[in-house]
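So the structure is just underneath, and the comments pick up after that.
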Amino acid sequence: MVHQEFRKGPWTEQEDLKLVSFVGLFGDRRWDFIAKVSGLTRTGKSCRLRWVNYLHPGLKHGKLTPQEERLVMELHSKWGNRWSRIARKLPGRTDNEIKNYWRTHMRKKAQEEKRAAASPTSSSCQSSLSSSNNNNNHTVNSVHASKKVGEDHQDGEEGYSMDDIWKDIGMLEENILPSTSWEYSSEPLWMMDEEESKMLFPLSDQCFSCYEHGSAFLTG
DNA sequence: AACGTAGACAACCGCCTTGTA
DNA sequence: ATACAAGGCGGTTGTCTACGT
Numbered sequence: 000m001v002h003q004e005f006r007k008g009p010w011t012e013q014e015d016l017k018l019v020s021f022v023g024l025f026g027d028r029r030w031d032f033i034a035k036v037s038g039l040t041r042t043g044k045s046c047r048l049r050w051v052n053y054l055h056p057g058l059k060h061g062k063l064t065p066q067e068e069r070l071v072m073e074l075h076s077k078w079g080n081r082w083s084r085i086a087r088k089l090p091g092r093t094d095n096e097i098k099n100y101w102r103t104h105m106r107k108k109a110q111e112e113k114r115a116a117a118s119p120t121s122s123s124c125q126s127s128l129s130s131s132n133n134n135n136n137h138t139v140n141s142v143h144a145s146k147k148v149g150e151d152h153q154d155g156e157e158g159y160s161m162d163d164i165w166k167d168i169g170m171l172e173e174n175i176l177p178s179t180s181w182e183y184s185s186e187p188l189w190m191m192d193e194e195e196s197k198m199l200f201p202l203s204d205q206c207f208s209c210y211e212h213g214s215a216f217l218t219g
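111 is the number that numbering that gives the first Met the number 0 gives to position 112 of the first sequence; each next residue is one higher, with no gaps.
Below is the structure:
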């Protein structure tokens with residue numbers, strides 16, 4: 000077996016497009032297979048993570064709403080750090096997102112407590128008040144959802160932005176797709192034998208044409 | 001204007017679980 | 001029943017941006 004070098008670090012728009020296309024074709028299960036046939040030099044794990052945390056059509060992007068924050072608090076007090084379990088109760092949110100939110104929140108809280116302990120005159124209720132105020136401010140910030148993505152344009156200006164991708168994915172979800180995104184392929188292609196698909200997509204040329212087909216489908 | 005800091009988020013790592021041959 | 005591969009999950013780290021000084 001030849002040891003393959005896998006790419007690491009941030010995903011490019013090209014990679015995202017490729018991944019979206021191939022998940023559309025093969026479904027979001029066989030990640031190692033998708034990683035191979037797509038020609039992405041990423042591990043299956045990496046592909047899955049990117050899909051689950053960023054590209055999945057059902058995801059909400061942007062800050063948690065105060066309602067969601069309350070729910071996270073409530074569920075965390077019940078279940079502890081069972082992020083995936085908590086995430087299941089917040090449609091469109093990922094375990095990673097909630098984990099990140101919680102981490103930030105706890106750090107802030109810890110700092111406030113430390114400050115409160117340092118200056119005994121300031122009551123703890125003040126600190127908790129300020130933290131809840133902070134949380135409420137998040138709603139305003141939700142306007143900035145997917146800001147970062149917009150900034151990604153810088154290296155692919157004339158290309159197809161992730162905003163566009165999400166728009167298209169959203170449209171596909173609403174207008175075309177019954178329930179799962181990969182059903183845009185009328186054929187259950189992911190049922191095909193691995194050998195069979197190797198013949199279909201032996202190298203990236205074929206992969207690319209498939210990817211182009213996929214992105215053409217996505218863009219309309 | 002420059003610099004430092006905190007917050008937000010993406011991504012990786014390692015362990016555990018589950019499915020399959 | 002068992003070994004192996006793949007997927008899932010939680011913890012952690014790195015990077016970028018906004019904001020305050």
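Beta carbons are placed, not taken as given, at the ideal position from N, Cα and C, and that holds for glycine.
Burial state of residue i (16 or more Cβ within 10 Å)
{"i": "F5", "result": "exposed"}
{"i": "A34", "result": "buried"}
{"i": "S37", "result": "buried"}
{"i": "T103", "result": "exposed"}
{"i": "R41", "result": "buried"}
{"i": "G23", "result": "buried"}
{"i": "S45", "result": "buried"}
Nearest-angstrom Cβ-Cβ length linking residue i and residue j, presumed shorter than 8 Å
{"i": "W78", "j": "R84", "result": "6 Å"}
{"i": "G91", "j": "G57", "result": "6 Å"}
{"i": "E14", "j": "L54", "result": "Actually they are not in contact, since the Cβ atoms of E14 and L54 sit about 10 Å apart, beyond 8 Å."}
{"i": "L74", "j": "Y100", "result": "12 Å between Cβ atoms; not a contact."}
Alpha helix (DSSP H) segment containing residue i, residue limits
{"i": "G43", "result": "43-49"}
{"i": "K77", "result": "65-78"}
{"i": "G23", "result": "12-25"}
{"i": "F5", "result": "Counting along the chain, F5 falls outside any alpha helix (DSSP H), and DSSP gives it neither H nor E."}
{"i": "S83", "result": "82-87"}
{"i": "K35", "result": "30-36"}
Cβ neighbours of residue i in the same chain (closer than 6 Å, five flanking residues each side left out)
{"i": "W82", "result": "D94, I97, K98"}
{"i": "W10", "result": "R49"}
{"i": "E105", "result": "The identity of residue 105 in the sequence shown is Met, whereas the question assumes Glu. Result list for M105: empty, nothing under 6 Å."}
{"i": "D31", "result": "G43"}
{"i": "K59", "result": "G91"}
Beta-carbon proximity list for residue i, same chain, < 7 Å, skipping 5 on both sides
{"i": "A109", "result": "none"}
Residues of its chain near residue i, where Cβ-Cβ distance is below 8 Å and the 5 sequence neighbours each way are ignored
{"i": "E67", "result": "L89, R92"}
{"i": "V71", "result": "L63, I85, L89, I97, Y100, W101"}
(request) Report yes or no: do the segment 44-55 and the segment 18-31 share at least 3 C-beta pairs separated by less than 8 Å? (result) yes
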